[in-house]
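Notes follow the structure.
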Amino acid sequence: MEEALVVKNLKTQFFIYDGVVKALEDVTFTLNKGEVLGIVGETGCGKSVTAFSIMRLIPDPPGRIISGQIRMGNYDLMRGIDQEAEIILKKRPKIKHHNNVIKKNEHFYNKIRGRYISMIFQEPMAALNPVYTVEDQIIESIYLHSMTKILKVIKSASEHLPDLKSFRESGEIGAEFNDEVGTELSKIKNLKKGKDSVEKHLDMLIDEATKFSEKKEKYEELLKHSIEIDDLEEKLLGEVGEQERDSIISVLTKEAKKTKLNRLTKKLKKKNPDPIVSEARREALALLESVNIPNAFQILKNYPHELSGGMLQRVVIAIALSNDPQILIADEPTTALDVTIQAQILELLRDLKKNRGTSIILITHDLGVIAEMADRVVVMYAGNVVETAPSLELYHNPKHPYTIGLLQSIPRVDDPTKKLNIIRGTVPNLITPPAGCRFNPRCQFAFDRCLVEVPPTIETSEGHTVACHLFTGKEVR
Amino acid sequence: MSEILLKAIGVRKYFPIKGGISGRTLGYVHAVDDVNLTIYKGETVGVVGESGCGKTTLGRVILDLIEPTTGALFYKPDEASVNQLEGLYTELTANGARELKKEEKKILGTTKDNIYKSRSKRKDFRSRVQIVFQDPVSSLDPRMLIKDVIAEPIRINGVPKEDGTNDGTGARVRLRGEVANKYVLDIVTEMGLNEDHLYRFPHEFSGGQRQRIAIARAIAVKPEFIVLDEPTSALDVSVQAQILSLLKNLQKKYNVTYMFITHNLAVIRAVSNRVIVMYLGKIVEEALTDELFEFPIHPYTQALISAIPIPDPTFKRQRLVLSGDVPSPANPPSGCRFHTRCRFAKEICSTEEPKLKEIRAGHIVACHFAEEILKTETSSSGIKKTRETAK
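Top to bottom, those sequences are chains A and B. Remember, my numbering sits 612 above the position in the first sequence when you count from 1. Remember, my numbering sits 879 above the position in the second sequence when you count from 1.
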């Protein structure tokens, strides 16, 4: 199976007043293409820190990725991390130089975040900005990453203008085209949201196409420029020399200054928006419809506080999906929601995996959700991966005492006679974690070796690895 | 049937929505709407429902923490007076809530066991019931030592005298000084904490420990009845298991009655004897736990049960995903409140409100099509039956 994301020996620490919080000690796992990988564990075992490390969203200070590798396809996502650490670890970093290096890395990472890897955050209310409308926040992400696509769609729409008009009259999308507008049209068709929605989309497309034809030269120019920028970005993601990289970054920095996002809100408020804004809005509408939001066109104009928790979570998911990411990290997407709403959101994620082939990392502490969704499961404890297995194998043949304890501590609806088993104690303080196996103070099988020696990861059967001294077998690492 | 501990009749709680410059009342949030509830001694009643369905409000009304708009609360009532009142309420309800409120005062004055009858009666009632709140962070005073947190209720309400029985009639004694300290230490040890913990502040504890402290505070006065308002929803599964087993042990030891409010059906199944399902301020289904999980009848209960994620990847079942959100309780749908999301909804559902009726022994449902659903559908939506078909 092809690997979408490889995380190896990831180590993240937080340097705070009380000492060093060793949040991630040695995290290794692989996410395959098109699968759902579940990460489970108690609060404070490093699930979210793993996600934030992959997204490079660890606030620095106090946190820092110390070492490790994260690769997505051919892209090395840990690029420049050593350089950054070196500068910060020097006693007196030269602020100016320091800023430059970090800015360069940020540029690289801004292209990854939201475009290739995106994230659904735990608290939808906190993830959205309360002073901007839903529309604003979805379009922002489309604007940043998909400018070329927007322009291409408008251009091809202008080429098919008479066809679009005839579709509008009949209220049905008849023929299929092989260009950008064709794929958009088939997307609208697949949404199956009824005649009103189709007409709305067609109206907007026709409007854009007419405006495009009026100022053809200007938009052609924009498209050309946008493609150039895209090429540069593509280059930056691959392996480039130091000098070439600097020159690309200087071009991109100028470009970033030009597309000021704070003007976006003003543009959105105009009665007669330019075609780029209106196409981005149409895309936002299609996104909201694809996550099953009823009345999507009105919801676009709403502020986050006007929506319920389930709706907000859908909006957050829509934003995460806005650029068709290859990898989606869902950090406790349903924890704040009711069971019935949770069922809706899970259904949505399942469709996503099926229809778009997105690889999903699902972080949760609910083993029930994992059982329903995940193909493979990673169990984490106190900053370490303690067990990895396909989900069937994990639920029927758990190996690590912690996994066994977790599975036995869930009240079962399907089997109420099952006695609840308790894991003694709580997750240790990670400033002074226990020596040896970090689980040893709570483990009922702990023996003297556990107290001193960190257990190696052992492969007990194919695809099932466990880090525990109780098992012997081939050492994986 | 065992002894009735608490009886609530015709409970309604409407919260006014204030708005505008003058602060006029624009409408009412119908948090709890015409609920009759009986709690028997020694049992655990589970109350489930989505957020905003009025579970917490009901819990607070039952403890007399908030006064209901209409309705009465009886503590250890005698059957005759309750039956009489129940009849009167059913008659009056037909005239609407406003009429009911007018007549209510007259009726309540004549019945005994009603806890609103006098101030002293109310105070006495409150000393025999307790609550454990959902969020252990905000329910403990950050400036009080744990010792004081637990000692406060026994200083104010006292504990039953040692020789007296804990049936609500025995005299209570207020503890102070050394005796109180000793008493607090005993309670805390029982909760799995130690003496050191007594001289710390709430912020020094983890979520699970704080919840233990909150339970210690509730159990300190040896109450007869405790409302547990989502006591484990802020906790990890491993800690949740610890708290649930602690609660079970306490119930055995002190013979205390629980009302367990939660949205987690798996927890409900593990702890309760009887389950009440609420939707938008109304009780829609009520049955013994096993009965409810094996033969859910109300479409809402069926959907709730089918939405529980089960930690077993081989477990396959028919999934009934409800569309949409819970409607606003300020403007609940007409007729059956669930009809906007119901898959069986017909015309009658939007016009006529279904009454609670007994469909099977001890199984009460408010649905127009309960009998038909029972005949055709239930066998495929209950947890136990699906398990068999899955095999």
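Cβ coordinates follow ideal geometry from the N, Cα and C atoms, glycine included.
- Residue-level contact check: residue 1034 of chain A touches chain B, since one or more beta carbons of chain B fall below 8 Å from its beta carbon.
- Nearest C-alpha to residue 775 of chain A among A:807, A:630, A:821 and A:802: A:821.
- Beta-carbon to beta-carbon, residue 940 of chain A and residue 628 of chain A are separated by about 31 Å, too far to satisfy the 8 Å threshold.
- Within the model, the alpha-carbon separation for residue 1107 of chain B versus residue 1212 of chain B is close to 30 Å.
- The DSSP-derived three-state label of residue 1015 of chain B is coil.
- The C-beta of residue 924 of chain A comes no closer than 8 Å to any C-beta of chain B.
- Only residues of its own chain outside the window of five on either side were considered, and among them 644 and 645 have a CB closer than 7 Å to the CB of residue 614 of chain A, listed in chain order.
- Between residue 978 of chain A and chain B, the shortest Cβ-Cβ separation is below 8 Å.
- In this chain, the alpha helix (DSSP H) harbouring residue 1146 of chain B covers 1144-1150.
- Contact check for residue 1064 of chain A against residue 1048 of chain A passes: the beta carbons are separated by less than 8 Å.
- Put simply, of A:1002, A:1018, A:791 and A:969 the residue whose alpha carbon is nearest the alpha carbon of residue 1033 of chain A is A:1018.
- Beta-carbon to beta-carbon, residue 912 of chain A and residue 896 of chain A are separated by about 6 Å, close enough to satisfy the 8 Å threshold.
- In the DSSP assignment, residue 1004 of chain B falls within the alpha helix (DSSP H) that extends over 998-1005.
- When CB distances to chain A are screened at a threshold of 9 Å, the residues of the region 1082-1093 of chain B falling below it are 1085, 1086, 1087 and 1088, in chain order.
- For residue 822 of chain A, the enclosing alpha helix (DSSP H) covers residues 807-826.
- Looking at the DSSP output, residue 1242 of chain B shares a beta bridge with B:1239.
- CA-to-CA, the gap between residue 651 of chain A and residue 971 of chain B works out to about 56 Å.
- For residue 644 of chain A, the enclosing beta strand (DSSP E) stretches over residues 631-644.
- Annotated three-state conformation of residue 1219 of chain B is coil, per DSSP.
- Taking 7 Å as the cut-off between beta carbons, the residues of the region 958-978 of chain A near chain B are 959, 977 and 978, in sequence order.
- Closest in alpha carbon position to residue 997 of chain A, among A:1088, A:1044, A:914 and A:935, is A:1088.
- Any Cβ of chain B closer than 8 Å to the Cβ of residue 1023 of chain A would place that residue at the interface, and such an atom is present.
- In this structure, residue 931 of chain A lies away from residue 782 of chain A, with their beta-carbon atoms at least 8 Å apart.
- Straight across, the Cα-Cα distance linking residue 647 of chain A with residue 1204 of chain B is about 29 Å.
- Put simply, the region 1111-1121 of chain B does not touch the region 929-949 of chain B. Fewer than three CB pairs are less than 8 Å apart.
- By DSSP's assignment, residue 1166 of chain B forms a beta bridge with B:1154.
- With the criterion set as a beta carbon lying under 9 Å from some beta carbon of chain B, the members of the region 899-923 of chain A are 904, 906, 920, 921, 922 and 923, in sequence order.
- If the five residues before and after residue 935 of chain B are omitted, its C-beta is found closer than 7 Å to the C-beta atoms of 1108 and 1140, all from its own chain and listed in chain order.
- In this structure, the CA atom of residue 816 of chain A is about 33 Å from the CA atom of residue 954 of chain A.
- Contact annotation: residue 665 of chain A and residue 677 of chain A have beta-carbon atoms nearer than 8 Å.
- Counted as a single uninterrupted DSSP element, the alpha helix (DSSP H) harbouring residue 927 of chain A occupies residues 921-933.
- Within the same chain, and ignoring the five residues on either side of residue 674 of chain A in sequence, the residues whose Cβ sits closer than 7 Å to its Cβ are 626, 627 and 628.
- Annotation: the continuous beta strand (DSSP E) that includes residue 895 of chain B extends over 883-898.
- DSSP places residue 958 of chain A inside the alpha helix (DSSP H), whose first and last residues are 951-968.
- For residue 625 of chain A, the beta-bridge partners assigned by DSSP are A:676.
- The beta-carbon separation of residue 1025 of chain A and residue 1144 of chain B, rounded to 6 Å, stays under the 8 Å limit for a contact.
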